[in-house]
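S.K.: In my numbering, the protein residues as written are 364 to 746.
Ideal Cβ placement from N, Cα and C applies to all residues, glycine included.
This one's a predicted model, so the numbers in the text were calculated from it and none came from an experiment.
Sharing a structure here in structure tokens format.
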Ligand code: DAH
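Here it is in structure tokens:
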């Protein structure tokens with residue numbers, strides 16, 4: 364049925380929108396139906412003729428009949444529709460012209476619709492701001508670079524991991540209480556699998572130690588940047604998804620002295636040559652002995668004070684905890700023994716740090732949530 368303009372009984376925005384939609388879909392159908400000159404003339408008259416064209420009817424039946432308070436909105440709509448109708452008549456006209464023109468005039472390969480909607484190449488270009496590295500990725504890349512300069516290569520592994528790689532092969536036996544230190548997000552519906560095959564979101568980047576040792580024989584030196592997940596409620600210093608940078612060096616005769624020397628050098632390279640490091644005993648199932656490494660506070664210089672004020676980042680202690688580390692536990696090597704990692708012949712050290720935490724400290728950001736809300740006003744500060 365051909366479209367006719369009805370009187371408006373309801374002048375609400377929604378009703379106006381409906382009436383306008385009805386009109387524009389009829390307009391589009393009729394534009395597409397124009398195939399020759401006489402069709403074009405009929406089409407133009409039907410929509411644009413002063414006497415009784417659709418636009419004139421809109422003026423009479425919608426605008427003039429509108430109650431006073433609805434007039435501005437109806438007027439705006441009527442203006443918009445007028446432009447739209449004129450545009451579509453133009454489209455129909457161009458399309459006919461193109462059908463008559465030999466194709467080679469347009470290069471012969473341009474899509475018909477492209478030829479209709481000609482582009483004004485004199486218009487100014489669209490401004491597309493250049494992106495910036497995310498502060499956490501920037502921090503990660505800088506830290507990785509420090510180790511690359513020492514000859515380390517970069518390794519990675521899956522974020523959805525098996526219980527075996529995330530826990531068992533790292534010397535967290537099934538049901539061992541050490542598993543409780545990492546609030547784990549498990550994938551649902553895995554009951555039919557054996558425990559070691561069950562999937563979870565990796566809670567740390569350490570499983571990539573095992574995966575890499577399965578693939579590469581010693582000696583190895585690798586860093587492993589990546590995302591990890593834990594079932595921690597979000598607050599100013601926790602998010603369920605965060606980033607770690609792991610490291611592993613295995614060779615003959617690697618000692619705790621190598622660990623200390625390597626990490627001390629890396630921290631001086633990353634934070635500046637004046638920082639000191641301190642190693643304090645700790646526990647991780649996959650290292651023995653284990654330690655936490657602190658660096659002297661690079662904000663207050665280790666004094667614990669900033670002028671008259673207490674230094675908050677180091678809680679006035681003058682030291683900031685940066686990472687966990689230790690000598691690879693022989694039990695871990697047992698899982699990859701067949702690939703050349705006989706614990707009687709090789710030794711190694713490992714370390715793991717939180718990239719987000721380091722970025723927070725480095726840039727003086729006080730809420731980790733800001734890193735992941737995607738607010739450009741925050742992120743463009745690194746542009
Ligand atoms: N994976 C540990 C964690 O997420 C961090 C860590 C500690 C990694 C000691 C290591 C290490 O490689 O040796 O808490």
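Does the Cβ of residue 745 have 16 or more other Cβ atoms within 10 Å, making it buried, or fewer, making it exposed?
M.R.: exposed
S.K.: With a Cβ-Cβ cutoff of 8 Å, do residue 548 and residue 592 count as a contact?
M.R.: yes
S.K.: With distances taken from CA atoms, which of 634, 650, 690 and 654 is nearest residue 663?
M.R.: Between residue 663 and the set 634, 650, 690 and 654, the nearest pair of CA atoms involves 634.
S.K.: Nearest by alpha-carbon distance to residue 694: which of 630, 574, 533 and 632 is it?
M.R.: 533
S.K.: Please indicate yes or no: does the CB of residue 628 lie closer than 7 Å to some heavy atom of the ligand DAH?
M.R.: no
S.K.: Looking at the ligand DAH, does it come within less than 7 Å of residue 524, judged from the CB to the closest heavy atom?
M.R.: no
S.K.: Does the ligand DAH have a heavy atom nearer than 7 Å to the CB of residue 713?
M.R.: yes
S.K.: When we look at the beta-carbon of residue 425 and count the other beta-carbons within 10 Å, is it buried (16 or more) or exposed?
M.R.: buried
S.K.: I'd like the list of long-range same chain contacts for residue 674, defined as Cβ closer than 8 Å, with 5 residues on each side in sequence excluded.
M.R.: 660, 662, 663, 666, 667, 668 and 681
S.K.: How would you label residue 372, buried or exposed, when you count the other beta carbons within 10 angstroms and need 16 or more for buried?
M.R.: exposed
S.K.: From residue 379 to residue 485, what distance separates their C-alpha atoms?
M.R.: A direct Cα-Cα distance of roughly 36 Å separates residue 379 from residue 485.
S.K.: Is any non-hydrogen atom of the ligand DAH found closer than 7 Å to the C-beta of residue 317, if you look at the structure I gave you?
M.R.: Examination of residue 317 is not possible in this model, given that the chain is present from 364 through 746 alone.
S.K.: Secondary structure at residue 590, three-state DSSP: helix, strand or coil?
M.R.: strand
S.K.: Which full runs of the alpha helix (DSSP H) of 4+ residues lie inside the region 371–426, going along the chain?
M.R.: 376–396, 400–411 and 417–420
S.K.: At which residues does the alpha helix (DSSP H) containing residue 528 begin and terminate?
M.R.: 526–529
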